[in-house]
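Here is the structure we will look at.
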């Protein structure tokens, strides 16, 4: 397949996933049909089925796209400027901000996050990667119990993200949490 054909296929898949995400957030997973996805993506149903055999495969595509966005936000924060507490705070706040923006206003956000068993596995993979990286950075900064501190920080940041619904306040809260918890442990 030529580069142009590959590009067209990627673009088609992106349009399908975007259309499906829009519909799932508006109507729920059960309330979204393959026909509606094809209509929203402005493609024929056979074209849709050529790219995704069923709604489950499309849902996996939605989750994969969301995970790519979350990881990009996390990586941007960890690679950014600042000390370890600022970078961890920016990384965790960034990923939760992306999640909040993605799911904002949807009455079906909970369904999207809990409906499919693959979601849990993908989030666990991302969390494990983040925890491993944060613990290594904390260890390099001289923190005595980096793995334990990492688990507490990640759990607390998750709690802040769940409880504070205003995105700006949530971001500030996660950053404050990381600053207070990490800076007091650095030797």
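Numbering (full-length UniProt numbering), first residue to last: 1 to 187. Think of the CB as a built atom: it goes at the ideal place given N, C-alpha and C, for glycine as much as any other residue.
Inter-residue CB distance, residue 48 and residue 16 (contact presumed, cutoff 8 Å): To locate residue 48, count along the chain shown from 1; it is residue 48. To locate residue 16, count along the chain shown from 1; it is residue 16. Contact holds; Cβ gap of about 6 Å.
Residues of its chain near residue 70, where Cβ-Cβ distance is below 6 Å and the 5 sequence neighbours each way are ignored: Position 70 of the chain shown, counting from 1, holds the residue named residue 70. Cβ within range, chain order: 95, 98.
For residue 145, the three-state DSSP class (helix, strand or coil): Taking the first residue of the chain shown as 1, we reach residue 145 at position 145. Residue 145: coil per DSSP, three-state reduction.
Spatial neighbours of residue 37 in its chain, beta-carbon cut-off 7 Å, leaving aside the 5 residues before and after: Taking the chain shown and counting its residues from 1, one reaches residue 37 at position 37. Correct list, in chain order: 16, 19, 20, 23, 48, 58.
Range covered by the alpha helix (DSSP H) that runs through residue 182: Residue numbering aside, residue 182 sits at position 182 when the chain shown is read from its first letter. 167 to 183 is the span of the alpha helix (DSSP H), which, as asked, contains residue 182.
Contacting residues, own chain, Cβ-Cβ under 8 Å from residue 250 (five flanking each side not counted): With the chain covering only 1 through 187, there is no way to say anything about residue 250.
Residue closest to residue 166, alpha-carbon to alpha-carbon, out of 111, 126, 185, 101: Looking up residue 166 in the chain shown gives position 166. Among 111, 126, 185, 101, the Cα nearest to that of residue 166 is on 101.
Cβ-Cβ separation, residue 51 to residue 13 (assumed contact under 8 Å), whole Å: Counting from one through the chain shown, the residue named residue 13 turns up at place 13. Counting from one through the chain shown, the residue named residue 51 turns up at place 51. Going by Cβ atoms, the distance from residue 13 to residue 51 rounds to 5 Å, so yes, they are a contact pair.
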